[in-house]
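J.:
There are 2 protein chains.
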Amino acid sequence: MAKNRNDDFVTEITPKSEDFSRWYTDVVRKAELADYSPVKGCMVIRPYGYALWENARDLLDARIKATGHMNAYFPLFIPESLLKKEAEHVEGFAPEVAWVTHGGSNELEERLAVRPTSEAIICSMYSKWVQSWRDLPLLINQWGNVVRWEKVTRFFLRTTEFLWQEGHTAHATAEEAQEETLKMLGVYKDFLEEDLGIPVITGIKTEKEKFAGADRTYAVEALMSDGRALQAGTSHNLGQNFAKAFDIQFEDKNQEIQYAWSTSWGMTTRTIGALVMTHGDDNGLRLPPRVAPYHVVIVPIKAGNYEEEVLPAARELEELLRTAGLRVYLDDREEYTPGWKYNEWEMRGVPLRAEIGPRDVKNKQTVLVRRDTRDKTFVPIDHVPGAAATLLDDIQTSMLSTARDFMETNTHPVKDFDKFREIMSGPRGFLKANWCGDRDLEVEIQQETSATIRCLLPDEEPTGPCFYSGKPAKHVAIFAKAY
Amino acid sequence: MAKNRNDDFVTEITPKSEDFSRWYTDVVRKAELADYSPVKGCMVIRPYGYALWENARDLLDARIKATGHMNAYFPLFIPESLLKKEAEHVEGFAPEVAWVTHGGSNELEERLAVRPTSEAIICSMYSKWVQSWRDLPLLINQWGNVVRWEKVTRFFLRTTEFLWQEGHTAHATAEEAQEETLKMLGVYKDFLEEDLGIPVITGIKTEKEKFAGADRTYAVEALMSDGRALQAGTSHNLGQNFAKAFDIQFEDKNQEIQYAWSTSWGMTTRTIGALVMTHGDDNGLRLPPRVAPYHVVIVPIKAGNYEEEVLPAARELEELLRTAGLRVYLDDREEYTPGWKYNEWEMRGVPLRAEIGPRDVKNKQTVLVRRDTRDKTFVPIDHVPGAAATLLDDIQTSMLSTARDFMETNTHPVKDFDKFREIMSGPRGFLKANWCGDRDLEVEIQQETSATIRCLLPDEEPTGPCFYSGKPAKHVAIFAKAY
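Here the protein sequences line up with chains A and B, keeping their order.
Read left to right, the first sequence gives residues 246 to 728 (our numbering).
Read left to right, the second sequence gives residues 246 to 728 (our numbering).
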């Protein structure tokens, strides 16, 4: 994997403090997570980045299945007339749609949208499949690619094509749809915190920020280490809007015809960007063990009886760790020094490094080095699998807790606009404030500070007037500058 | 899952012998593997069909990774100029390409092809990544969707969009590329036979049938139960064609600049169609245990103390089987009779059914019924996990062996064209014959009998003249009418 490193790659990583944006791009490219492609707006996810995505995807997929959903696959193309059925929906997405107009050398009778999201095509199938209350709830998820035209490209964060999952469910009652919307918001929160080590706040979007066609949009919002927010997943209660537009009707237990209630929820390859920006440091990536492509990299030290003793011992160690169910990589490449390899694998974020040299072979031990704290431990070979597992658990927990401390430290209660402006032009972060709910003022604040309302906190009651208008507050809102 | 069955679905399956094509469509729809979509040429893969695909995909993915490949992801779109770089390649694919011409409301400067296959985009990246012999071999696989415009739609077998994996590798020598091409052909053969229970023959394509841009195309060919062949996977040795077109060059160990040698290989959702047509019978699907969404379905019999005794015993059995690592579904739906459920799950191909009624509860036993042979076994509850595992192994083996017998019985050595025509207008099958290698005659035979050369058998020497031309034979060929 590390073989494909080119001389024209960045050779040093820009320090985070110097230029966060360049630091991010450097890390993504140098760690070989992704690369630019010859297609405008589109990137290539390289094997190391894709392995990270596969691990994340499998963990989220297990959570989605554990809550009773099954996966399915719907067409990539959506006929224009179908996309237009839900008025708000098409208005929201039309400016970003890629249109197929020709098949082979023939012009199509009707243009096909490359799906920007699949409500339209999926709801049109649900109207066929749902007839009776017995057909509900319908709990389906899809993993796939979607396309939303972008003028600016940022690795993982903003690309014309991206990978994601989109859940689409239909229910017999409004209550069930609301329960589902919140359940999946909870699944996202658990996945981000427990698997990716990314703490989040959850809340509801304002009318201005909600999904095109939804009654209510909920979101999980994370705070990146440059003080900007990243929306890491959304869960929409679509009410009966799509059921009415696409005619999803069923006969209820009283033989009455009803429209179904539907939800949709999605999480994308953006989370990989969030992972980089939450945990990375000036030496590169730091990966939470649960999703790291390798848990442990073994670096044999070329000294003493290398071929006869050190390398065979390193191979035994590799086998021992693999048998214990760990993902392990033995870096026995001849053309690089151990020091170069240490830097390389630190930069690529592998949680644990095992060093083994002639003296270690003699003492039947290895040195385990943590990526997050750089702590070193000498461990007898036989104890390595257990010791590694314990360290990995500790790294996973401690990465979340470090990130949570950062988020809490950078969540600022704000009572007036002067303070708001001051924080926004300084360290930024989550700004927590009482809010009157006026959409025009929301736009005004954004124009002046580039902060938007990330979410309203439905469980908190405002205890004073709006920080901006001085009018009575209806909500407690979290503001931030967003990715 | 079985909840979304509609009244407008087929209620009976057309017998295989009456109309194979209708039988196939009936089974796919009634078993809820797939459904028609509002997009011409595209189908929807329903949850039960997708679960089958996921299981197959994961097994093939593990084999691809075990042979040293890693997954990555490349853009869906290919700029027209890039697709045109390899002349034969674009000529082969241009008639099937879907073209994106607009992004939002803007016309694009250059049209983008929705990938029909990814050689062009992947090779353009390889030319960046490959500089030195140290960068080789480059062993990458991609799972994704591709689009090839189709006028006719057949579930899984022929759809405009389909899902697949495509491997793309680059090597330092011609020998290594050839070794890789054959290795992946072997991976496909093992996957089809061991995991899907589909026996295949492997061989090389004629010039007429090979991949556009390849030096040599190898294929795995299976025989469906209607005597038609299905190409289930292909592995291409691309020689230096793509390396030259896309400038994939490297410095070898002697500091000389060389073009790389490349391969590509793919397998698609077609294999699900092959699975249906290889194993299905007049009662519906028969699924090999390794890929079946459920290994066992439990049907509790509503009699005696149902709520207090039978249902709890069924739930215990479910838990017992799940803990043993089996995929299990307890069908405790109130609205259907046990007899209806037996038919339903037979039709959906579940390898084992466990029946449990009041008498079974009393005797601490269950009845296991095999889908393939319908054999019944009474098994004490405590022994069920072991007994089920043994039966599932046996079903897996016996399905392959039944299919292999069919393939062998229907592989006909043919010495003259009269016999050839007779078999082709009768039972069909694989027709094995000595072949002179004349491309014009290959076309002639196809026009007259609709049989094509599925592959040449590289390891067999012809022992007589060409069955058709009487000229000296160069190959032993397998002819068949293909899907």
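We treat Cβ as the ideally placed atom computed from N, Cα and C, and that holds for glycine.
#1: Give every residue of the same chain whose Cβ lies closer than 7 Å to the Cβ of A/V666, excluding the five residues on either side of it in the sequence, and list them in chain order.
#2: In or out: B/Y539 buried (at least 16 other Cβ within 10 Å) or exposed?
#3: Compute the Euclidean distance between the alpha carbons of B/S507 and A/A505, then round it to the nearest angstrom.
#4: For the pair the stretch 437 to 448 of chain B and the stretch 407 to 416 of chain B, tell me if three or more CB-CB distances fall below 8 Å.
#5: Spatial neighbours of B/I601 within its chain, please: C-beta separation below 8 Å, excluding the five flanking residues on both sides.
#6: If we ignore side chains and look at the alpha-carbon of each, how far apart do A/R699 and A/K677 end up?
#7: A/L408 versus chain B: which residues are under 8 Å apart at the beta carbon?
#8: Entirely within the stretch 558 to 588 of chain A and at least 3 residues each: give me those beta strand (DSSP E) ranges in chain order.
#9: Quick check on B/P324 - is its C-beta less than 9 Å from some C-beta in chain E?
#10: State the start and end residues of the unbroken alpha helix (DSSP H) segment that holds A/R615.
#11: Under 7 Å Cβ to Cβ from B/P260, same chain only, skipping five residues before and after it: list those, please.
#12: In chain order, what residues of the same chain lie with their CB nearer than 7 Å to the CB of B/S643, ignoring the 5 residues before and after it?
#13: Which value, in whole angstroms, describes the spacing of the CA atoms of B/L353 and A/A467?
#14: Let me know the beta strand (DSSP E) ranges lying completely inside the stretch 639 to 723 of chain A, each 3 residues or longer, listed in chain order.
#15: Please report whether the beta-carbon of A/T516 lies at a distance below 9 Å from any beta-carbon of chain B.
#16: Would you check if the distance between the CB atom of B/V228 and the CB atom of B/V397 is smaller than 9 Å?
#17: Please specify which runs of the beta strand (DSSP E), each continuous and at least 3 residues long, are wholly inside the stretch 417 to 464 of chain B, giving them in chain order.
#18: Output needed for B/M288: all residues of its chain with C-beta closer than 8 Å, excluding positions within five of it in sequence on either side, in chain order.
#19: Would you please verify whether the beta carbon of B/V289 is less than 9 Å from any beta carbon of chain A?
#20: Counting only runs that start and end within the stretch 281 to 363 of chain A, where is the alpha helix (DSSP H) found for 4 or more residues in a row?
#21: Under 8 Å by Cβ, that's how I've got B/A464 and B/T479 pegged, so tell me the actual separation to the nearest angstrom.
#22: Would A/T405 count as contacting chain B if we go by Cβ distances under 9 Å?
#23: To be precise: take each residue of the stretch 327 to 344 of chain B, compare its Cβ to all Cβ atoms of chain A, and keep it if any distance is under 9 Å. Which residues remain?
#24: 9 Å is my cut-off, CB to CB: does A/E299 come that close to chain B?
#25: Does any residue of chain B bring its CB to less than 9 Å from the CB of A/N390?
#26: Can you tell me the Cα-Cα spacing of A/S470 and A/A727, whole angstroms?
#27: So, for B/E257: in the same chain, excluding its five sequence neighbours on each side, which residues have a beta-carbon less than 7 Å away from its beta-carbon?
#28: For the stretch 615 to 648 of chain B, which residues have a CB atom closer than 8 Å to at least one CB atom of chain A, in sequence order?
#29: Looking only at its chain, what residues have a beta carbon closer than 8 Å to the beta carbon of B/A632, apart from the 5 residues adjacent to it on each side?
#30: Starting from B/D280, find everything on chain A with Cβ-Cβ shorter than 9 Å and list it in chain order.
#31: Reducing DSSP to helix, strand and coil, say where A/T514 ends up.
#32: Would B/D252 be called buried (16 or more neighbouring beta carbons within 10 Å of its own) or exposed?
#33: Got a sec: is the Cβ-Cβ distance from A/M315 to anything in chain B below 9 Å?
#34: Flag this pair as yes or no: are the beta carbons of A/C368 and A/A488 separated by less than 9 Å?
#35: Excluding the five sequence neighbours on either side, which residues of its own chain have a C-beta within less than 7 Å of the C-beta of A/A459, listed in chain order?
#36: Quick check on DSSP: helix, strand or coil for A/E466?
T.: With the structure as the only source:
#1: Note that residue 666 of chain A is Arg in the sequence shown here, rather than Val. Answer for A/R666: T694, listed in chain order.
#2: buried
#3: 52 Å
#4: no
#5: I543, V544, P545, I546, V555, A558, A559, L562, T611, V612
#6: 10 Å
#7: Y318
#8: 573 to 575
#9: Protein chains A and B are contained in the structure displayed, whereas chain E is not.
#10: Counting along the chain, A/R615 falls outside any alpha helix (DSSP H), though it belongs to the beta strand (DSSP E) covering 610 to 615.
#11: W268, D527
#12: D617
#13: 35 Å
#14: 656 to 658, 675 to 680, 697 to 701
#15: no
#16: The displayed coordinates of chain B run from 246 to 728. Any statement about residue 228 of chain B would go beyond what the structure contains.
#17: 445 to 449
#18: A279, D280, Y281, S282, T398, F400, F401, T404
#19: yes
#20: 292 to 311, 325 to 328, 332 to 338
#21: 5 Å
#22: yes
#23: L327, A339, P340, E341, V342, A343, W344
#24: yes
#25: yes
#26: 12 Å
#27: none
#28: none
#29: L613, T622, V624
#30: M370, K373, W374
#31: coil
#32: In this predicted model, B/D252 has a pLDDT of only 38, less than 50, meaning its place in the structure is not dependable enough to derive any value.
#33: yes
#34: yes
#35: H481, N482, L483
#36: strand
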